[in-house]
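First up is the structure itself, then whatever we jot down about it.
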Amino acid sequence: MRRHNNLLVTGVEKMTTMFEQFPNRWTPVLPLNELTSNPLATELAGERIVLFQDNEQQWHALIDRCPHRGAALSLGQVTEEGHLRCRYHGWRYDGTGQCMAVPLNNLKDTALAKIRATVVPTKIIGGALWVYTTTEPLTDMPPDPILPDSLDGDPDMFIAHHQEWQAHWTRAQENFLDFAHPPYTHEQTIGTYLYDFAETGGTVRVETEPTEFGMTMKSFRDASDSYFRLDWYRPNLSILNFGTSTKNWMHVFCIPINEKNTRVMTVRRSSTSRHVEGFERHTTDTDHPILDEDRIVVESQSGDILSNPQEISVASDGPALAFRRWYEALLDS
Ligand code: FES
Ligand SMILES: [Fe+2]
1016 MRRHNNLLVT GVEKMTTMFE QFPNRWTPVL PLNELTSNPL ATELAGERIV LFQDNEQQWH
1076 ALIDRCPHRG AALSLGQVTE EGHLRCRYHG WRYDGTGQCM AVPLNNLKDT ALAKIRATVV
1136 PTKIIGGALW VYTTTEPLTD MPPDPILPDS LDGDPDMFIA HHQEWQAHWT RAQENFLDFA
1196 HPPYTHEQTI GTYLYDFAET GGTVRVETEP TEFGMTMKSF RDASDSYFRL DWYRPNLSIL
1256 NFGTSTKNWM HVFCIPINEK NTRVMTVRRS STSRHVEGFE RHTTDTDHPI LDEDRIVVES
1316 QSGDILSNPQ EISVASDGPA LAFRRWYEAL LDS
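Letter by letter, the sequence shown follows residues 1016 to 1348 in our numbering.
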């Protein structure tokens, strides 16, 4: 049974989504340079989370709900000890979610030790803060995500930008596995040279190869040997290989905010952090105007990628169909 039907079938309203349509995955949440308030409320896969930085400059994530009476922890403050203090009754939590103080009450240590806010594991990768979408108590850190070497390195080497799309994340993700749209969606920008090719009867042959991380896709024009390559890293990273150097790659993440909204985040890598300034311009001047062209069409679609079984697919939709099979299995798991 698809998970998002559970609520309809059982009629039981749940208190929380618990990341249930995007379970047990590492995903970026926000670029580091946008973590500008402490604490910071955000939403991921339908779950409200609070991000906060302790006094050792480590970022932590908790479900944004105080275990006492459910107030949003993000309304609170970070104390000088680096604990997040709830604004309602002042209970304080450390970065592991452990309650450190319950004011006005003389709690025994053993009673205090039993009070925990729900922690969400975090990591810093490629200039962004990542979280692991589970609310189960974990004894060990979850396994690292399989990622390209191009996301390794000092956070200063990466330029990350994001925009919000009013679309389900799978619609956005499918757009970044799609070779057939650039001549039309991007006719005015990167698709100009493909427009004439498409309109004069040119054809593409798309090869999709499953890999340990997801899949690699190549699009060959007619009988030519040259191709454009895309890589998909489960669950929500596409790499657009604009050239052989990692400097020319565009990493695109489709981050689910909730059923109707997706944060599309691009990450560019520079060869050293000294070049960051030039990359910033490059990224804002070129990448995001192109994403705006995608956004208009993707926002005109509705539901998730499985919501309309009448949709018609053709050979150039091969990568999208592979992604659909993976997504269906995710919902059924
Ligand atoms: S609701 Fe947070 S301390 Fe009471
Ligand atoms: Fe596009």
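We treat Cβ as the ideally placed atom computed from N, Cα and C, and that holds for glycine. Nothing here was measured: the structure is a model prediction, and the numbers come from that model.
In the DSSP assignment, what are the bridge partners of G1141? Position 126 of the sequence shown holds residue 1141. In DSSP, G1141 forms no bridge with anything.
What first and last residue would you give for the beta strand (DSSP E) that runs through R1236? For the purposes of this step, residue 1236 is taken as residue 221 along the sequence shown, with counting starting at 1. Judged by DSSP secondary structure, R1236 falls within the beta strand (DSSP E) whose first and last residues are 1229 to 1236.
Taking 7 Å as the limit between beta carbons, can you name the residues of its chain near E1314, skipping five residues before and five after? In the sequence shown, the residue the question calls residue 1314 occupies position 299. Sequence-distant partners of E1314 (beyond 5 residues in either direction) whose C-beta falls short of 7 Å from its own C-beta, in its chain, are W1180, Q1181, A1182.
By DSSP, does M1172 sit in helix, in strand, or in coil? The residue you call residue 1172 lines up with position 157 of the sequence shown. Residue state, collapsed to three classes: helix.
So which residues put a beta carbon under 7 Å from any heavy atom of ligand 1, going in chain order? The set, ordered by position in the chain, is C1081, H1083, R1084, G1085, A1086, C1101, Y1103, H1104, G1105, W1106.
Starting from the C-beta of V1027, find all residues in its chain whose C-beta is less than 7 Å away, skip the five residues before and the five after it, and write them out in chain order. Locating residue 1027 in the sequence shown gives position 12, where the first residue counts as 1. A caution first: V1027 carries a pLDDT of 47, below 50, which makes its placement in the model unreliable, though a value can still be read off. Sequence-distant partners of V1027 (beyond 5 residues in either direction) whose C-beta falls short of 7 Å from its own C-beta are missing from its chain.
I need the DSSP call for T1200, collapsed to helix, strand or coil. Taking the first residue of the sequence shown as 1, we reach residue 1200 at position 185. Helix, per DSSP.
Determine the DSSP secondary structure at D1246, reduced to helix, strand or coil. If you number the sequence shown from 1, residue 1246 lands on position 231. If DSSP states are grouped into helix, strand and coil, D1246 belongs with the strands.
Which same chain residues end up closer than 6 Å to P1334 when comparing Cβ atoms and leaving out the 5 residues on each side of it in sequence? The count along the sequence shown starts at 1 and reaches residue 1334 at position 319. The answer, listed in chain order, is L1192, T1223, M1232.
Between which residues of its own chain and E1227 is the CB-CB distance below 8 Å, once the five residues before and five after are set aside? Start at 1 with the first residue of the sequence shown, and residue 1227 comes out as number 212. Cβ neighbours of E1227 beyond the five flanking positions: I1161.
Give the single residue among L1321, V1329, I1327 whose Cα lies nearest to the Cα of C1347. Numbered from 1 along the sequence shown, position 332 holds the residue referred to as residue 1347. This sequence places Asp at residue 1347; Cys is not what is there. Per the Cα distances, L1321.
Considering only the alpha carbon of each residue, which of Q1113, E1295, S1052, Q1188 lies closest to R1339? Position 324 of the sequence shown, counted from the first residue, corresponds to residue 1339. Ranking Q1113, E1295, S1052, Q1188 by Cα distance to R1339 puts Q1188 first.
Between the CA atoms of P1046 and Q1073 - distance to the nearest angstrom: Residue numbering aside, residue 1073 sits at position 58 when the sequence shown is read from its first letter. Residue numbering aside, residue 1046 sits at position 31 when the sequence shown is read from its first letter. Within the model, the alpha-carbon separation for Q1073 versus P1046 is close to 15 Å.
Tell me the residue span of the beta strand (DSSP E) that contains P1225. For the purposes of this step, residue 1225 is taken as the residue at position 210 of the sequence shown. From DSSP, the beta strand (DSSP E) with P1225 extends over 1219 to 1225.
Give me the DSSP bridge partner(s) of H1352. For residue 1352 there is no data in the structure shown, the boundaries of the chain being 1016 and 1348.
Is any heavy atom in ligand 2 found nearer than 8 Å to the beta carbon of H1177? Here residue 1177 refers to the residue found at position 162 of the sequence shown. No, the Cβ of H1177 stays beyond 8 Å of every heavy atom of ligand 2.
Compute the Euclidean distance between the alpha carbons of V1329 and I1272, then round it to the nearest angstrom. Here residue 1329 refers to the residue found at position 314 when the sequence shown is read from its first residue. Here residue 1272 refers to the residue found at position 257 when the sequence shown is read from its first residue. Cα to Cα, the separation comes out at about 30 Å.
Rounding to the nearest angstrom, what Cα-Cα distance links E1214 and R1236 in this structure? Counted from its first residue, the sequence shown places residue 1214 at position 199. Counted from its first residue, the sequence shown places residue 1236 at position 221. In a straight line, the C-alpha of E1214 is about 13 Å away from that of R1236.
Applying the criterion that 16 or more other CB atoms from any shown protein chain within 10 Å of the CB defines a buried residue, is N1263 buried or exposed? Here residue 1263 refers to the residue found at position 248 when the sequence shown is read from its first residue. Around the beta carbon of N1263, a 10 Å sphere encloses fewer than 16 other beta carbons of the protein chains shown; the residue is thus reported as exposed.
Skipping 5 residues on each side, what residues in its chain have a beta carbon closer than 7 Å to that of S1331? Counting from 1 along the sequence shown, the entry for residue 1331 is found at position 316. Hits under 7 Å: F1194, A1195, V1219, V1221.
Meets three-Cβ-pair contact criterion under 8 Å: the segment 1125 to 1133 and the segment 1069 to 1085: They touch, by the three-pair rule.
Thinking C-alpha only, which one of N1120, R1107, A1175 is nearest R1296? Sequence index remark: in the sequence shown, residue 1296 carries index 281 (1-based). Cα-wise, what sits closest to R1296 is A1175.
Does the distance from the CB of Q1283 to the CB of F1212 come in under 9 Å? Counting from one through the sequence shown, the residue named residue 1283 turns up at place 268. Counting from one through the sequence shown, the residue named residue 1212 turns up at place 197. One detail in the question is off: residue 1283 reads as Arg in this sequence, not Gln. By the CB criterion at 9 Å, R1283 and F1212 fall outside the cutoff.
Check whether the Cβ atoms of Y1147 and W1041 sit closer than 9 Å, and answer yes or no. Locating residue 1147 in the sequence shown gives position 132, where the first residue counts as 1. Locating residue 1041 in the sequence shown gives position 26, where the first residue counts as 1. Contact: yes.
What does H1083 pair with, by DSSP beta-bridge criteria? Locating residue 1083 in the sequence shown gives position 68, counting from the first residue. When DSSP reads this structure, H1083 sits in no beta bridge, so it has no partner.
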